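In our numbering, the protein residues as written are 44 to 198.
Glycine is no exception: its CB is placed at the ideal position from the N, C-alpha and C atoms.
The structure presented is a predicted model; accordingly, all values stated were derived computationally and were not measured.
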Amino acid sequence: MNMPKYDSIFNAEEYTDEPLNEAEGLASIVLIAALADNPQDLVAPDLFLDILADFDLYAEYSDEDLLSMVDSLTAIAADKGLGALFNAADEAIPDDLVPDAYAAAMLAKMNMDTGEIPANALVFLKELQSVLDIDDEEAAEVTAEVQKAFEQVEG
């Protein structure tokens, strides 16, 4: 049996030294989605600001606060690995925010010029859907909401 492509992230046994709060957990999912295929990549801070600004959870956060959070999470990922960061994020995100986490990951994987999700990103999203216990119907609803939101922004 072949291991899922993202097994080192979603089935890691490592944990971060400190627990994350909800906001850090959701932001971690964005970071993991952005880095999952290319951990050496530098992620554009604007990407995080654009994605996180769409969620009510971050309404009280300034851009500086969000950038500081992303810097901190990036340092954790570099030190402990994406798997440890995912484990901490998974524990930090309450059930009612799981669809938001999935939507945020989808936005991180989306081609922001076209609104399309590249085929290689679908593998990551399917594995994330599985580990977050999101059924296919809910995943389809989240996907439709993300596409609709993108079209409204672009329209």
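Closest by C-alpha distance to residue i, when choosing among the options
i: leucine 165; options: Leu125, Ala79, Ala55, Leu63; result: Ala79
i: glutamate 107; options: Leu92, Leu116, Lys48; result: Leu92
i: glutamate 136; options: Asp176, Ile94, Gln190; result: The question names glutamate, but residue 136 in the sequence shown is isoleucine. Looking at the Cα atoms, Asp176 is the closest of the given residues.
i: alanine 77; options: Ser173, Val174, Met155; result: Met155
i: isoleucine 119; options: Asp178, Ile75, Ala187, Glu180; result: Ile75
i: aspartate 138; options: Leu125, Thr117, Val174; result: Val174
i: isoleucine 94; options: Met153, Leu125, Glu103; result: Met153
Local Cβ density within 10 Å of residue i, reported as buried at 16 or more and exposed below that
i: glutamine 195; result: exposed
i: asparagine 81; result: exposed
i: serine 71; result: buried
i: alanine 121; result: exposed
i: alanine 183; result: exposed
i: alanine 132; result: buried
Alpha-carbon spacing of residue i relative to residue j, whole angstroms
i: valine 189; j: leucine 69; result: 16 Å
i: alanine 55; j: alanine 127; result: 7 Å
i: alanine 96; j: proline 88; result: 12 Å
i: leucine 192; j: lysine 123; result: Checking the sequence, you will find alanine at residue 192 rather than leucine. Taking the straight line joining both Cα atoms gives about 34 Å.
i: aspartate 99; j: phenylalanine 167; result: 25 Å
i: glutamine 172; j: phenylalanine 53; result: 11 Å
i: serine 217; j: threonine 117; result: With the chain covering only 44 through 198, there is no way to say anything about residue 217.
i: leucine 125; j: aspartate 178; result: 24 Å
i: glutamate 103; j: threonine 59; result: 25 Å
i: serine 51; j: valine 73; result: 17 Å
i: alanine 212; j: leucine 140; result: The displayed coordinates of the chain run from 44 to 198. Any statement about residue 212 would go beyond what the structure contains.
8 Å Cβ cutoff met for residue i and residue j
i: glutamate 170; j: tyrosine 49; result: yes
i: glutamate 61; j: asparagine 130; result: no
i: valine 86; j: tyrosine 145; result: no
i: glutamate 181; j: proline 142; result: yes
i: leucine 109; j: tyrosine 101; result: yes
Distance cut-off 7 Å: residue i Cβ against heavy atoms of the ligand GDP
i: alanine 87; result: Ligands in the displayed structure: none, and consequently the ligand GDP is not present.
Query - the stretch 149-169 contacting the stretch 113-120, beta-carbon criterion three pairs below 8 Å - result: These segments do not touch.
**Report entry** the stretch 58-74 touching the stretch 155-164, judged by at least three CB pairs closer than 8 Å
**Finding:** Segments in contact, no.
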